[in-house]
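Q:
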Amino acid sequence: MPNIGYLNGRFMPLEHVCISAEDRGYQFGDGVYEVIRTYQGRPFNLEEHLARMERSAREISIPLPLDKTEWESVLLRGVAQSGYANCKVYIQVTRGAAPREHQFSASLPPTILVTFREMPELDALHRTRGVHAITHPDIRWGRCDIKSLNLLPNVLAKQKAVDAGAFEALFVRDDIVTEGATSNLMIVKDGVLSSSERNHQILAGVTLLCVIGLARRHGYDVQERAIRRKELESADEIFLVGTTIEVLPVTQLNGHIVGNGLPGPVTNSLSAIFSQYIKDNP
Ligand SMILES: Cc1ncc(COP(=O)(O)O)c(C=O)c1O
822 MPNIGYLNGR
832 FMPLEHVCIS
842 AEDRGYQFGD
852 GVYEVIRTYQ
862 GRPFNLEEHL
872 ARMERSAREI
882 SIPLPLDKTE
892 WESVLLRGVA
902 QSGYANCKVY
912 IQVTRGAAPR
922 EHQFSASLPP
932 TILVTFREMP
942 ELDALHRTRG
952 VHAITHPDIR
962 WGRCDIKSLN
972 LLPNVLAKQK
982 AVDAGAFEAL
992 FVRDDIVTEG
1002 ATSNLMIVKD
1012 GVLSSSERNH
1022 QILAGVTLLC
1032 VIGLARRHGY
1042 DVQERAIRRK
1052 ELESADEIFL
1062 VGTTIEVLPV
1072 TQLNGHIVGN
1082 GLPGPVTNSL
1092 SAIFSQYIKD
1102 NP
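Quick note: the sequence shown uses our numbering, first residue 822, plus one each step.
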């Protein structure tokens, strides 16, 4: 099956995509992105991803040249051309190409890139045994709610985690746990679920909002509030949520066992509820 690229209105094999050396995404990280996945060829939570991208772009004054219907059409055509049932769709919108200067012209046409690749399967053991996580200082800027291309702190934190034999780095800022380098997180204590307060310091994950909604509908008490490092360290259960990982248990934190060292009952239950929701909402 071919990997497909879409650049400024044209589909092509991914390896034919060619972007200007003076694109501001390349030189400044001046742009926004989304990662959307398909199940059985259908983009999942598409509306929510597109709404978040529109917001991200608006917050940094990049005009989006496509409306919702046009985005949907691009995505469906690209997914169909790729032939992948489980497709990882990456959208990147940058402010466009111009001679390098920090300030920008409002009339610069944005660069629209979409890539369509097969969604890699997560190691099945990650789900059944859970993954390891480390904590890491959150040195990111003050607008982590914008899904911007500037991911250097995330890149370095994730690498630290991988180098330590872990799957994810959980950011801590002023003793408050914000989110993972590539995911949001939730904790469980005495049957109560908590997720980090949604503010400028975390990305409002599409998966997180979906899981919170499902959990509440299934009778769980979910609190959205500041989570202190100590609470993370003493949680009965910790799990990560995100588009590519869905609901993923964390069974070790900084080398210490979480709960009894196995994916906990609430995590397992929400993981099953989420899987069912995917099946029911193709
Ligand atoms: C920093 C960060 N937080 C949270 C998430 C989860 O967001 P979503 O569920 O929308 O994929 C991601 C996913 O890319 C992320 O990079």
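Glycine included, every Cβ here is placed at the ideal spot set by N, Cα and C.
From Glu922 to Arg1050, what does the alpha carbon distance come to, in whole angstroms?
A: Indexing the sequence shown from 1 puts residue 922 at position 101. Indexing the sequence shown from 1 puts residue 1050 at position 229. Cα-Cα distance, rounded: 41 Å.
Q: Taking 6 Å as the limit between beta carbons, can you name the residues of its chain near Ser877, skipping five residues before and five after?
A: Numbered from its first residue, the sequence shown carries residue 877 at position 56. Once the five neighbours on either side are set aside, the close Cβ partners of Ser877 are Val853, Ile967, Lys968.
Q: So is the beta-carbon of Leu1029 under 7 Å away from any non-hydrogen atom of ligand 1?
A: As a first step, residue 1029 is located in the sequence shown; it is residue number 208 there, counting from the start. Yes, since a heavy atom of ligand 1 falls inside the 7 Å radius drawn around the Cβ of Leu1029.
Q: Using the Cα positions of Ala842 and Ala918, report the straight-line distance between them to the nearest angstrom.
A: Your numbering for residue 842 matches position 21 in the sequence shown. Your numbering for residue 918 matches position 97 in the sequence shown. Taking the straight line from one Cα to the other gives about 8 Å.
Q: Give me the residue from Gln980, Pro834, Thr890, Glu942 with the minimum Cα distance to Gln902.
A: Looking up residue 902 in the sequence shown gives position 81. Comparing Cα positions, the closest option is Pro834.
Q: Decide if Glu1001 is buried, meaning its Cβ has at least 16 other Cβ atoms within 10 Å, or exposed.
A: Residue numbering aside, residue 1001 sits at position 180 when the sequence shown is read from its first letter. In the sequence under discussion, the amino acid at residue 1001 is Gly, which differs from the Glu named in the question. That one is buried.
Q: Going by Cα to Cα distance, which pick from Ser1004, Val900, Arg1037, Thr999 is closest to Arg1019?
A: If you number the sequence shown from 1, residue 1019 lands on position 198. The candidate whose alpha carbon is nearest that of Arg1019 is Thr999.
Q: Counting only beta-carbon separations shorter than 8 Å, does Glu875 have a partner in chain B?
A: As a matter of chain content, chain B is missing from the structure shown, which is built from one protein chain.
Q: Straight-line CA distance for Glu836 to Gly899?
A: Working through the sequence shown from its first residue, we reach residue 836 at position 15. Working through the sequence shown from its first residue, we reach residue 899 at position 78. The straight-line gap from Cα to Cα measures roughly 15 Å.
Q: According to DSSP, which residues form a beta bridge with Ile1078?
A: What you label residue 1078 is simply residue 257 of the sequence shown in a count that begins at 1. Answer is Gln1073, bridged to Ile1078.
Q: Taking 7 Å as the limit between beta carbons, can you name the residues of its chain near Asp959, skipping five residues before and five after?
A: Position 138 of the sequence shown, counted from the first residue, corresponds to residue 959. For Asp959, where only same-chain residues beyond five positions count, the Cβ hits under 7 Å are Phe992, Val993, Arg994, Thr999.
Q: For the beta strand (DSSP E) that Met1007 lies in, which residues bound it at each end?
A: For this step, residue 1007 is matched to residue 186 along the sequence shown. Segment 1005-1010, the beta strand (DSSP E) holding Met1007.
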